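Q: First to last, the protein sequences are chains V and G.
Counting from 37, one number per residue, gives the positions in the first sequence under our numbering.
Counting from 37, one number per residue, gives the positions in the second sequence under our numbering.
From the three backbone atoms N, C-alpha and C, an ideal C-beta is built for every residue, glycine too.
All figures in this text were calculated on a predicted structure; none of them were measured in a lab.
Dropping a structure here in C-alpha cells format, bear with me for questions.
Number of protein chains: 2
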Amino acid sequence: MARSERLLALLQTLRRYRRPVSGAVLATETGVSIRTLYRDISSLQAQGALIEGEPGLGYVLKPGFMLPPMMFSQDEIEALVLGSRWVARAADSRLAAAGADALAKIADVLPQEMRAEIETSTLLVHLKPPVADKADLGAIRKAIRSERILKLTYSDESGTVSVRNIWPFALSYFEQVRVVVAWCELRQDYRHFRTDRIVEMIPQDGRYPRRRAVLLKEWRDQQDVAH
Amino acid sequence: MARSERLLALLQTLRRYRRPVSGAVLATETGVSIRTLYRDISSLQAQGALIEGEPGLGYVLKPGFMLPPMMFSQDEIEALVLGSRWVARAADSRLAAAGADALAKIADVLPQEMRAEIETSTLLVHLKPPVADKADLGAIRKAIRSERILKLTYSDESGTVSVRNIWPFALSYFEQVRVVVAWCELRQDYRHFRTDRIVEMIPQDGRYPRRRAVLLKEWRDQQDVAH
DNA sequence: ACACTACTGCCATAAACTGACAGTGGTCAG
DNA sequence: CTGACCACTGTCAGTTTATGGCAGTAGTGT
Numbered sequence: 037m038a039r040s041e042r043l044l045a046l047l048q049t050l051r052r053y054r055r056p057v058s059g060a061v062l063a064t065e066t067g068v069s070i071r072t073l074y075r076d077i078s079s080l081q082a083q084g085a086l087i088e089g090e091p092g093l094g095y096v097l098k099p100g101f102m103l104p105p106m107m108f109s110q111d112e113i114e115a116l117v118l119g120s121r122w123v124a125r126a127a128d129s130r131l132a133a134a135g136a137d138a139l140a141k142i143a144d145v146l147p148q149e150m151r152a153e154i155e156t157s158t159l160l161v162h163l164k165p166p167v168a169d170k171a172d173l174g175a176i177r178k179a180i181r182s183e184r185i186l187k188l189t190y191s192d193e194s195g196t197v198s199v200r201n202i203w204p205f206a207l208s209y210f211e212q213v214r215v216v217v218a219w220c221e222l223r224q225d226y227r228h229f230r231t232d233r234i235v236e237m238i239p240q241d242g243r244y245p246r247r248r249a250v251l252l253k254e255w256r257d258q259q260d261v262a263h
Numbered sequence: 037m038a039r040s041e042r043l044l045a046l047l048q049t050l051r052r053y054r055r056p057v058s059g060a061v062l063a064t065e066t067g068v069s070i071r072t073l074y075r076d077i078s079s080l081q082a083q084g085a086l087i088e089g090e091p092g093l094g095y096v097l098k099p100g101f102m103l104p105p106m107m108f109s110q111d112e113i114e115a116l117v118l119g120s121r122w123v124a125r126a127a128d129s130r131l132a133a134a135g136a137d138a139l140a141k142i143a144d145v146l147p148q149e150m151r152a153e154i155e156t157s158t159l160l161v162h163l164k165p166p167v168a169d170k171a172d173l174g175a176i177r178k179a180i181r182s183e184r185i186l187k188l189t190y191s192d193e194s195g196t197v198s199v200r201n202i203w204p205f206a207l208s209y210f211e212q213v214r215v216v217v218a219w220c221e222l223r224q225d226y227r228h229f230r231t232d233r234i235v236e237m238i239p240q241d242g243r244y245p246r247r248r249a250v251l252l253k254e255w256r257d258q259q260d261v262a263h
C-alpha cells in the first residue's frame with residue numbers, strides 16, 4: 037500500500053478503535069514496521085490530526101478531526117448490505133424492516149453508480165430458519181433501552197413455569213435462538229431467558245435501579261471469571 | 037509539498053471551486069506538472085473520490101461525495117449495529133473491518149446524542165466460530181465485482197482434487213461455511229464451491245463474457261424450478 | 001526491577017515519485 | 001474542416017522518498 041493511501045487508512049483505523057491502540061498493532065494492521073508507523077503518525081499530526089500517544093497505553097484519535105470527505109468504500113457497502121441481510125433473516129420482523137429502512141436511507145445519499153451495489157449485491161445469507169419467538173422482541177428491546185423491569189412468565193427447559201421480575205440489559209443472538217440477558221430478582225443473579233420460552237411478559241412502570249451499561253459490564257466480568 | 041499532503045490539498049481545492057477547474061490550474065495551484073496532476077487525480081479516484089473530468093471543461097468533485105448528516109431511528113441504528121457485529125463474527129477480517137469502518141463513518145455524521153447509541157448497543161451476537169477459509173475471501177469478492185474468471189484448484193467432499201475455470205458471481209454465507217456460487221466451465225453448469233475446500237485460486241486476466249447479474253438471475257430461476 | 005510503550009537518529013537499500021515529451025481522442029467555436 | 005483546448009496514457013531516466021533494522025532515551029504502570 038502506498039504511503040498516501042496508508043495515511044488515510046491509518047486515520048480510519050484509529051477512528052474505528054475508540055480505545056488507545058498500541059503502535060505495534062497499528063503497524064501490523066497497516067503492514068509496515070514500527071519505525072514507519074511512527075513516521076506516519078507524525079506526518080498525520082503535522083497535517084493537523086489530533087492524535088495523542090501515551091507511553092504504556094497507545095494512540096487515540098481525539099474527536100473533532102474531520103477525515104477527508106470520503107464516501108463509503110465498496111467493501112464498506114458490502115459489509116452494510118450483508119449485515120442487513122443477516123438481520124433480515126435472523127432478527128424479528130421489526131428489526132428486519134428497520135435494517136432495510138436504514139439501508140434505503142444510506143442508498144439515498146449514495147451517488148448513482150454506488151446505489152446499484154446495494155441492489156445487486158451478490159452476498160447472500162442462508163440460515164436455517166430461526167426458532168419462532170413467543171415474545172415480542174420489539175418490546176424487549178424497548179424495555180432494555182428504557183431500563184424497565186419486566187414481569188416474566190417463563191417456561192424453562194424442563195417445562196416448569198415460573199413468574200419473576202427481571203432487569204433486562206442485553207439481547208443475544210445465537211444461530212437458532214435469541215436470549216434475553218437480565219438480572220433476576222428471584223435468583224439475585226444474572227440469568228438468561230430464551231425468547232421462545234417466554235410465556236408472558238409485562239413491562240412494569242418502574243425503572244430498574246442500576247444502569248444497563250453497568251449491569252452489562254458486571255455480567256461480562258462474571259462470564260470472564262467463569263471461563 | 038509531499039505527495040500525501042498534496043492529495044489532501046487537491047481535494048480541498050476541488051471542493052472550493054464549484055465549477056469545473058482545468059487540470060492546468062490545479063497543477064499550478066499545487067505546484068506540480070500537469071503529468072503529476074493527472075497521476076494525483078487518478079490516485080484520488082482509486083481511493084474512492086468521485087472526481088469527474090470532461091475534455092474541454094475540467095474537473096469537478098461530484099456532489100454526494102461527502103456523507104451528509106443522516107438521521108436514523110433507534111431501531112435502524114440497532115439493526116445497523118447488530119448487522120455489523122454479525123459481519124464481524126461471520127465474515128472475513130477484511131469485511132469485518134469494513135463493517136466497523138462504515139459504522140464509524142455513520143457515527144460521525146450522526147447527531148451527538150445518537151452517537152452514544154452505537155457505542156452502547158446491547159445487542160450481542162454469539163456464533164460457533166466459523167470454519168476457517170483457505171481462500172482469500174477478499175480476492176473472491178474482488179473477482180465477483182470485476183467479473184473475472186478464476187482458475188480454481190478445488191478439493192471436493194470426497195477429497196478429489198480438480199482444476200477448473202469458474203465464473204464467480206455470488207458469495208453465500210451459511211452458518212459455518214461460505215460458498216462461492218459460479219458457472220463452471222468444466223461442467224457447463226452452475227456449481228457451488230466451499231471456501232474452506234479451495235486449494236488454490238488464480239484470478240485470470242479475462243473477464244467472463246456474461247454479466248454477473250444475469251448469471252445470478254439464471255441461477256436463481258434454476259434453483260426455484262428444482263424446488 | 002520489569003514489561004510495555006512512545007519516540008528519535010542514523011544509514012544503506014529499495015521503491016516511488018517526478019517532469020518531459022510524444023501521442024490519442026474528445027468537445028467546441030469559427 | 002480546422003484549430004484551440006482539454007483529459008488522458010505510455011515511456012523513461014534521474015531524483016527524491018520511503019523503508020526497515022538497529023541502537024538508544026524516556027515515560028508509564030505492575
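Could you pull out every unbroken alpha helix (DSSP H) segment of at least 4 residues lying fully inside the segment 108-180 of chain V, listed in chain order?
A: Counting whole runs of 4 or more residues, the segment 108-180 of chain V contains the alpha helix (DSSP H) stretches 110-126, 129-144, 148-156.
Q: Could you tell me the alpha carbon to alpha carbon distance between G/A143 and V/E114, rounded to whole angstroms?
A: The residue labelled residue 143 of chain G in the question sits at position 107 within the second sequence. The residue labelled residue 114 of chain V in the question sits at position 78 within the first sequence. Distance between the alpha carbons of G/A143 and V/E114 is about 18 Å.
Q: Hey, quick one: how far does the alpha helix (DSSP H) through G/D257 stretch, first residue to last?
A: To locate residue 257 of chain G, count along the second sequence from 1; it is residue 221. Unbroken alpha helix (DSSP H) run through G/D257: 248-262.
Q: Please compile the residues from chain V whose C-beta is within a distance smaller than 8 Å of the C-beta of G/G94.
A: In the second sequence, counting from the first residue as 1, residue 94 of chain G sits at position 58. Neighbours of G/G94 on chain V: none; closest Cβ ~19 Å, over 8 Å.
Q: Could you tell me which chain G residues have their CB closer than 8 Å to the CB of V/E112, listed as they occur along the chain?
A: If you number the first sequence from 1, residue 112 of chain V lands on position 76. Chain G residues near V/E112: A134, G135, D137, A138, K141.
Q: Judging by CA-CA distance, which residue of V/R233, V/R256, V/A136, V/L47 is the nearest neighbour of V/D192?
A: Numbered from 1 along the first sequence, position 156 holds the residue referred to as residue 192 of chain V. Measuring from the Cα of V/D192, the nearest candidate turns out to be V/R233.
Q: To which residues of the same chain is G/V145 closer than 6 Å at the C-beta, ignoring the five residues directly before and after it?
A: Counted from its first residue, the second sequence places residue 145 of chain G at position 109. L103, P105, M106, listed in sequence order.
Q: With three or more beta-carbon pairs closer than 8 Å as the criterion, would you say the segment 243-255 of chain V touches the segment 66-78 of chain G?
A: Too few Cβ pairs lie closer than 8 Å, so no.
Q: Whose C-alpha, out of V/V235, V/V216, V/V117, is nearest the C-alpha of V/T196?
A: Here residue 196 of chain V refers to the residue found at position 160 of the first sequence. Taking only the C-alpha atoms, the option nearest V/T196 is V/V235.
Q: Check whether chain G comes within 9 Å of V/A126, counting only Cβ atoms and requiring the distance to be less than that.
A: Stepping through the first sequence from its first residue, residue 126 of chain V is reached at position 90. Yes, because at least one Cβ of chain G sits closer than 9 Å to the Cβ of V/A126.
Q: Can you tell me whether G/R177 is buried or exposed, with buried defined as 16 or more other CB within 10 angstroms of its CB?
A: Translated into the one-based positions of the second sequence, residue 177 of chain G becomes position 141. With 16 or more Cβ atoms within 10 Å of its Cβ, G/R177 is classed as buried.
Q: Return the residue from the list V/E155, V/G89, V/R39, V/L186 that minimises the CA-CA distance to V/E221.
A: Within the first sequence, residue 221 of chain V is the residue found at index 185, counting from 1. Nearest C-alpha to V/E221: V/L186.
Q: How would you label G/T156, buried or exposed, when you count the other beta carbons within 10 angstroms and need 16 or more for buried?
A: For the purposes of this step, residue 156 of chain G is taken as the residue at position 120 of the second sequence. When all chains shown are included, G/T156 counts as exposed.
Q: Any beta carbon from chain G within less than 9 Å of V/Y74's own beta carbon?
A: Your numbering for residue 74 of chain V matches position 38 in the first sequence. No, no contact with chain G.
Q: Which same chain residues, not among the five before or five after V/L188, have their C-beta less than 6 Å away from its C-beta?
A: Residue mapping note: residue 188 of chain V aligns to position 152 of the first sequence, counting from 1. Closer than 6 Å at Cβ, skipping near neighbours: R200, I202, M237.
Q: Buried or exposed for G/D241, going by 16 or more other Cβ atoms inside 10 Å?
A: Within the second sequence, numbered from 1, the residue matching residue 241 of chain G stands at position 205. So G/D241 counts as exposed.
Q: Using the beta-carbon count (16 or more within 10 Å), is V/K164 buried or exposed?
A: The sequence position of residue 164 of chain V within the first sequence is 128, counting from 1. That one is exposed.
Q: Please state the DSSP three-state secondary structure of G/S58.
A: Residue numbering aside, residue 58 of chain G sits at position 22 when the second sequence is read from its first letter. It is coil, neither helix nor strand.
Q: Below 8 Å CB to CB, which residues in the same chain sit around V/T49 once its five sequence neighbours on both sides are set aside?
A: Here residue 49 of chain V corresponds to residue number 13 of the first sequence, with the count starting at 1. Here the set comprises V57, L62, E65, T66.
Q: Please name the residues in the segment 150-163 of chain V whose beta-carbon is closer than 8 Å to at least one beta-carbon of chain G, in chain order.
A: From the segment 150-163 of chain V, only T156, T158, L159, L160, V161, H162, L163 have a Cβ closer than 8 Å to chain G.
Q: By Cβ distance, which residues of its chain are closer than 8 Å to G/A45, with the 5 residues on each side in sequence left out?
A: Mapped onto the second sequence, residue 45 of chain G falls at position 9. If we look at G/A45 and ignore the five residues flanking it on each side, its Cβ neighbours are M37, T66.
Q: Looking at the secondary structure, which residues open and close the beta strand (DSSP E) in which G/E305 lies?
A: Outside the shown range of chain G, which is 37 to 263, sits residue 305 of chain G, and nothing can be said about it.
Q: Quick one, are the C-beta atoms of V/I275 and V/F210 less than 9 Å apart?
A: Residue 275 of chain V lies beyond the stretch modelled for chain V, which goes from 37 to 263, so this question has no answer here.
Q: Have a look at the DSSP bridge pairing and note the partners of V/I205.
A: Stepping through the first sequence from its first residue, residue 205 of chain V is reached at position 169. In the sequence on display, residue 205 of chain V carries Phe and not Ile. Answer by DSSP bridge pairing: none, since V/F205 is not bridged.
Q: Verify whether the separation of the beta carbon atoms of V/G135 and V/A152 is less than 9 Å.
A: Translated into positions along the first sequence, residue 135 of chain V becomes position 99. Translated into positions along the first sequence, residue 152 of chain V becomes position 116. No, these two residues do not count as a Cβ contact at 9 Å.
Q: Please list, in chain order, all residues of the same chain as G/V96 whose beta carbon is under 6 Å from its beta carbon, the five residues on each side excluded.
A: Walking along the second sequence from the start, residue 96 of chain G turns up at place 60. The answer, listed in chain order, is P56, E88.
Q: Could you tell me whether any Cβ in chain V is nearer than 9 Å to the Cβ of G/I180?
A: Numbered from its first residue, the second sequence carries residue 180 of chain G at position 144. With 9 Å as the cut-off, G/I180 counts as an interface residue toward chain V.
Q: Rounded to whole angstroms, how far is the Cβ of G/R230 from the Cβ of G/V213, which I believe are closer than 8 Å?
A: Position 194 of the second sequence, counted from the start, is the residue given in the question as residue 230 of chain G. Position 177 of the second sequence, counted from the start, is the residue given in the question as residue 213 of chain G. Between G/V213 and G/R230 the Cβ distance is about 5 Å, and since that is below 8 Å, they are a contact.
Q: Compare the C-alpha of G/R247 against each of V/T72, V/T158, V/G59 and name the closest.
A: To locate residue 247 of chain G, count along the second sequence from 1; it is residue 211. Residue V/T158 is the option with its Cα nearest to G/R247.
Q: If we count the other Cβ atoms within 10 Å of its Cβ and call it buried at 16 or more, is G/V261 buried or exposed?
A: By 1-based counting over the second sequence, the position of residue 261 of chain G is 225. Looking at its Cβ environment, which holds fewer than 16 other Cβ atoms inside 10 Å, G/V261 is exposed.
Q: Beta-carbon of V/W122 versus every beta-carbon of chain G: anything under 9 Å?
A: Taking the first residue of the first sequence as 1, we reach residue 122 of chain V at position 86. Yes, V/W122 counts as interfacial toward chain G.
Q: If we call anything under 9 Å between Cβ atoms a contact, is G/L43 one with G/D76?
A: Here residue 43 of chain G refers to the residue found at position 7 of the second sequence. Here residue 76 of chain G refers to the residue found at position 40 of the second sequence. Contact flag set, yes.
Q: Kindly indicate which three-state DSSP category V/S198 falls into: helix, strand or coil?
A: Taking the first residue of the first sequence as 1, we reach residue 198 of chain V at position 162. Three-state DSSP puts V/S198 in a strand.
Q: Starting from G/L131, find everything on chain V with Cβ-Cβ shorter than 8 Å and list it in chain order.
A: As a position in the second sequence, residue 131 of chain G is number 95, starting the count at 1. What G/L131 touches in chain V: D111, E114, A115, L118.
Q: Is the distance from the Cβ of G/G84 to the Cβ of V/F108 below 9 Å?
A: Reading the second sequence from its first residue, position 48 is the one you call residue 84 of chain G. Reading the first sequence from its first residue, position 72 is the one you call residue 108 of chain V. Going by C-beta atoms, G/G84 is nearer than 9 Å to V/F108.
Q: With G/W122 and V/G174 assumed to form a contact (beta carbons below 8 Å), what rounded beta-carbon distance in angstroms separates them?
A: Here the question's residue 122 of chain G lines up with position 86 in the second sequence. Here the question's residue 174 of chain V lines up with position 138 in the first sequence. With 8 Å as the limit, G/W122 and V/G174 do not qualify as a contact, their Cβ atoms being about 19 Å apart.
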